[in-house]
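Here's the structure, in structure tokens; my notes come after.
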């Protein structure tokens with residue numbers, strides 16, 4: 004069975020391999036990048052890669068897991084700094100966090116890109132991708148509930164907000180519309196205003 008090492012427990016060589024692989028996977032795609040190229044770029048050997056991670060699939064899953072954790076931490080920090088109080092502004096701040104995150108992500112969503120390559124298989128990275136997408140939906144459900152939306156409506160509203168979030172990501176890159184997130188945020192504000200009558204929603 005392929006081994007999977009938490010990033011925090013890696014040796015310096017293992018960390019270098021993970022950092023190098025992460026950059027290459029995101030820039031060029033998972034299938035296009037082989038273990039020889041990763042080892043060479045990291046200044047190690049293929050044997051070291053297999054010793055540390057067990058397989059390329061495990062390395063891919065760890066790349067996705069680490070990106071997932073960094074994204075969650077990024078959003079949490081952004082919300083605490085820019086919209087610490089419950090309300091519609093805190094919900095909309097997720098779109099602002101996404102816009103900031105995407106400034107350094109020229110190829111769009113790493114999880115969507117990875118799923119295009121490994122979806123429909125038993126690759127361990129698929130579970131990470133599913134978890135990331137579910138976490139985004141759960142975040143919106145939680146935030147709209149905290150903003151005052153009734154529980155019966157919060158689940159559906161959270162899903163709609165997540166769909167705007169995910170759709171904007173694809174439209175920005177594949178659709179060639181850099182303003183997609185601006186439109187998604189405005190549509191989200193309209194949904195929040197309808198769900199919270201009497202509450203001012205600042206766009």
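Numbering (my numbering), first residue to last: 4 to 206. Every residue gets a Cβ at the ideal spot worked out from N, C-alpha and C, and that includes glycine.
Quick one: is residue 202 buried, meaning 16 or more other Cβ sit within 10 Å of its Cβ, or exposed? The residue in question, residue 202, is exposed, as its Cβ has fewer than 16 Cβ neighbours within 10 Å.
Could you tell me whether the region 39 to 58 touches the region 14 to 25, where touching means 3 or more Cβ pairs closer than 8 Å? The region 39 to 58 and the region 14 to 25 touch, with no fewer than 3 CB-CB distances between them shorter than 8 Å.
Report the rounded CA-to-CA distance for residue 16 versus residue 96, giving the unit in angstroms. Cα to Cα, the separation comes out at about 38 Å.
Distance, Cα to Cα, residue 131 vs residue 169? If I take the Cα positions, the gap works out to 16 Å.
Through-space distance from residue 139 to residue 106, alpha-carbon basis: Straight-line Cα distance between these residues: approximately 19 Å.
In chain order, what are the residue ranges of uninterrupted alpha helix (DSSP H) at least 4 long that sit wholly in the region 114 to 166? Here the runs fully enclosed are 128 to 150.
Take residue 172 and list the residues in its own chain whose beta-carbon comes closer than 7 Å to its own, dropping the five residues that flank it on each side. Cβ within range, chain order: 111, 112 and 115.
Start and end residues, alpha helix (DSSP H) containing residue 91: Note, residue 91: alpha helix (DSSP H), 91 to 105.
In or out: residue 80 buried (at least 16 other Cβ within 10 Å) or exposed? Residue 80 comes out exposed.
Using 8 Å as the cut-off, can you tell me whether the region 135 to 154 makes contact with the region 69 to 80, which would need three or more C-beta pairs spanning the two stretches below that distance? Look at the beta carbons and you see the region 135 to 154 touching the region 69 to 80: at least three pairs across the two are nearer than 8 Å.
In the DSSP assignment, find the unbroken alpha helix (DSSP H) run with residue 13 in it and report its ends. Neither: residue 13 is in no alpha helix (DSSP H) and is coded neither H nor E.
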